[in-house]
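Input: a single structure, listed below in structure tokens.
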Amino acid sequence: MVFLHHTGRAAAWAHMQAASPPHPEELVLKAGIFPSLGPSTHSHLSFPQPGPITEMDGAVATDFFTVLSTGHRFTEDQWLNVQAFSMLRAWLLHSGPEGLGTLDTDDRSEQEGSTLSVISATSSSAGRLLPPRERLREVAFEYCQRLIEQSNRRALRKGDSDLQKACLVEAVLVLDVLCRQDPSFLYRSLSCLKALHGRVRGDPASVRVLLPLARFFLSHGEAAAVDSEAVYQHLFTRIPLEQFHSPMLAFEFIQFCRDNLHLFGGHLGTLRLSFPNLFKFLAWNSPPLTSEFVALLPALVDAGTALEMLHALLDLPCLTAVLDLQLRSLPAPSERPLWDTSLRAPSCLEAFRDPKFQGLFQYLLRPKASGATERLVPLYQLLQPMAGCARVAQCAEAVPTLLQAFFSAVTQVADGALINQLALLLLGRSDSLYPAPGYAARVHSVLSSQFLALCTLKPSLVVELARDLLEFLGSVNGLRSRASLVTSVVWAVGEYLSVAYDRRCTVEQINKFFEALEALLFEVTQCRPSAALPRCPPKVVTALMTTLTKLASRSQDLIPRASLLLSKMRTLTQSPATGSMHGEEGAEAICTRATELLTLLKMPSVAQFVLTPSTEVCSPRYHRDVNTALPLALRTVSRLVEREAGLLPG
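The opening residue of the sequence shown carries number 80 in my numbering; numbering runs sequentially from there.
Have a look at this one:
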């Protein structure tokens, strides 16, 4: 949308439609898009006047026509002006230092004989002497300066005000391109952009302009001597806190973070510490922003804030409910965004305003990482009526995907101590989740797989956290709702509680775990299912039996107790009560596993080899290691077989 001179317009426009695309400079020059830089000149002056051209505040225009000039009707040139500005940034990028190069002599002479000779009548002498590429940049700079000046005027209509902001965004982006291509534009742009930043940073309606301005200061802050830290502090503190409910801004903000990670440099810490604020965008706009955050999380995850971030992810649906309450409590109803109007939760609003709970609410709404964590169980109870809200449900569905992305990133930076802390957090939070429908089951599925992943990453975790794991396994409360996580913990104990993985493992530890799991198996098989206490999944029972057998094979004094327990389980599955408790298939699976394990325990040395194989057996290298006899034997047998088949000469 750059200014298009009317002379030679028809021929130039026809040339633009030619089959072979010209260089961007050719396209610009042959279309005659350079504006008249002199005051009080307009492209439409030589046409019958369709009406006065004015500024958006109603004043008569005294400078060249731009996309922000207004009138009742526009000439074709002026419409071409609007269209050309929409392509200007692409032209500049295409004609940059890495572009197609300079124009050849024939094209340059042809242009100078037609369009350039006309432009020279109205363009400045300095601009006329520049080569085409530099002239394009010079005129683009003048045009953007004019747009920034026009944006200072108070628009009479809301639609015009929205257009001003959109053009401001594009103008700043164009100036950023110009300054990257030619640093001489930087010092000519700074004064107006600093003034623009000071003007829009306090205007909530102009918040989208702050993103390209921040991008500009990221690119040129050091050379421009700008306090970039203050810019980013305002950007990451105020905007998410006040504008999280704007879907378009949320998407643009996260895109800004993703696209400019390579520019943050020393300011990446500011971005990472601001993750509680960024999560407000995610909590309110989780369906469209989930994939964006999955891509952004690796840059946000830091060893120092990983635990706090995991808590925040698990509490994301609760944050959605609190943001809903925050919007409902705003004093100006006309400015509030939409929420779920079907939900009536006066008790929740009263709790939100209750000073007794302000500390918990403020912690959940904190703008930055605080370095501490709060247990929010009281809020879960207060906000339970909002658990069925559609927006909360959408957020709850997104959390498992985000958790997977988080663990993929955190395992890249976690040391042994952090792995232990993450494992403890998984166990502690398994029974402390916001009661959104189906949320706990989906989260437990992720936590169980990630607990196993942490154990695989650090097998000694089971020995180091033995006391905490015993405490976790010592209670049957909530076992059925946490069946997947309990199964993973039981399996990890059977797999890694061994001197093969950690020489600190003792017989005493093995005996303690055996007793705890034995008691747990007794409880889950003796309890009768009811409406309040659903049946225990068969996989928990089989996991318990298998782990008990593994532990017995490592401490052979336990073999008689394990054998007796397995015999009782095999007998128990044949009773009608057990069949109704676990179902026919479940009872059969339990019986089969008990029989297999009993057979193994009759041969203790075989049981130990099968249930606790050495690392060499788990990861054999015989087929690759040339220092063993196996490769030689295989080659010899192969040659004999081939000779018998007549494939080799005798």
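The beta-carbon is built from N, C-alpha and C at its ideal position, and this holds for glycine as well.
{"Item": "Helix, strand or coil at T133 [DSSP, three-state]", "Value": "strand"}
{"Item": "Segment limits, alpha helix (DSSP H) that includes E221", "Value": "P211 to S230"}
{"Item": "Contact belief for C271 with Q224 at Cβ below 8 Å, rounded distance in angstroms", "Value": "7 Å"}
{"Item": "Integer Cβ distance of D641 from L599, believed to fall under 8 Å", "Value": "First, the amino acid is wrong: residue 641 is Ala here, not Asp. No, A641 and L599 are not in contact; Cβ-Cβ is about 14 Å, not under 8 Å."}
{"Item": "Contact the segment 490-508 vs the segment 383-401: 3+ CB pairs below 8 Å", "Value": "yes"}
{"Item": "Three-state secondary structure assigned by DSSP to M624", "Value": "helix"}
{"Item": "Contact under 8 Å by Cβ, V624 with L576", "Value": "At residue 624 the sequence reads Met, which differs from the Val that was named. No; because the gap between Cβ atoms is not below 8 Å, this pair is not in contact."}
{"Item": "Identity of the residue in S511, S268, H299 and P326 nearest R287 by Cα", "Value": "P326"}
{"Item": "CB contact flag (L392, L482, <8 Å)", "Value": "yes"}
{"Item": "Neighbourhood of Q322 by C-beta distance below 6 Å, restricted to the same chain and skipping five residues each side", "Value": "V286 and L328"}
{"Item": "Of the residues V218, R267 and Y222, the one placed nearest A250, counting alpha carbons only", "Value": "Y222"}
{"Item": "Three-way DSSP call (helix, strand, coil) for T141 in this model", "Value": "coil"}
{"Item": "Selected residue, minimal CA-CA separation from A579, among S563, L630, L398 and A519", "Value": "L630"}
{"Item": "Whole-number beta carbon distance between C474 and S353, since they are thought to touch under 8 Å", "Value": "Going by Cβ atoms, the distance from S353 to C474 rounds to 19 Å, so no, they are not a contact pair."}
{"Item": "Completely contained beta strand (DSSP E) runs for the segment 235-311, where each covers 3 or more residues", "Value": "none"}
{"Item": "Nearest residue (CA-CA) to P446, options W363, R152, G137 and I318", "Value": "I318"}
{"Item": "Chain-order list of residues whose beta-carbon lies under 7 Å from that of F440 (same chain, five-residue window excluded)", "Value": "V401 and F431"}
{"Item": "Three-pair Cβ contact test at 8 Å for the segment 557-567 versus the segment 511-528", "Value": "yes"}
{"Item": "Nearest-angstrom Cβ-Cβ length linking F343 and L297, presumed shorter than 8 Å", "Value": "7 Å"}
{"Item": "Which listed residue (Q460, L458, S528 and L643) has its alpha carbon closest to that of F601", "Value": "L643"}
{"Item": "Whole-angstrom C-beta distance between A515 and A472, which should lie under 8 Å", "Value": "6 Å"}
{"Item": "Rounded C-alpha distance that separates T535 from L252", "Value": "48 Å"}
{"Item": "Top-ranked residue by Cα proximity to F551, from L540, S528, A532 and G507", "Value": "G507"}
{"Item": "Run of the alpha helix (DSSP H) containing F530, from where it starts to where it stops", "Value": "Y518 to L536"}
{"Item": "Three-state secondary structure assigned by DSSP to T149", "Value": "strand"}
{"Item": "Coarse secondary structure for T652, derived from DSSP in three states", "Value": "coil"}
{"Item": "Beta-carbon proximity of I333 to F295, cut-off 8 Å", "Value": "no"}
{"Item": "Three-state secondary structure assigned by DSSP to D403", "Value": "helix"}
{"Item": "Rounded Cβ spacing between Q529 and L558 (contact assumed at less than 8 Å)", "Value": "The pair is not a contact, with the Cβ atoms about 19 Å apart (cut-off 8 Å)."}
{"Item": "C-alpha gap between H346 and A673, whole angstroms", "Value": "59 Å"}
{"Item": "Helix, strand or coil at F380 [DSSP, three-state]", "Value": "This sequence places Val at residue 380; Phe is not what is there. Note: V380 maps to coil in three-state DSSP."}
{"Item": "Contact set for L398: own chain, Cβ-Cβ below 6 Å, skip 5 residues either direction", "Value": "A362 and L443"}
{"Item": "Buried or exposed (CB count within 10 angstroms, at least 16 for buried), W158", "Value": "exposed"}
{"Item": "Spatial neighbours of E597 in its chain, beta-carbon cut-off 8 Å, leaving aside the 5 residues before and after", "Value": "L627, R640 and L644"}
{"Item": "Pair within 8 Å by beta-carbon distance, L167 and Q243", "Value": "no"}
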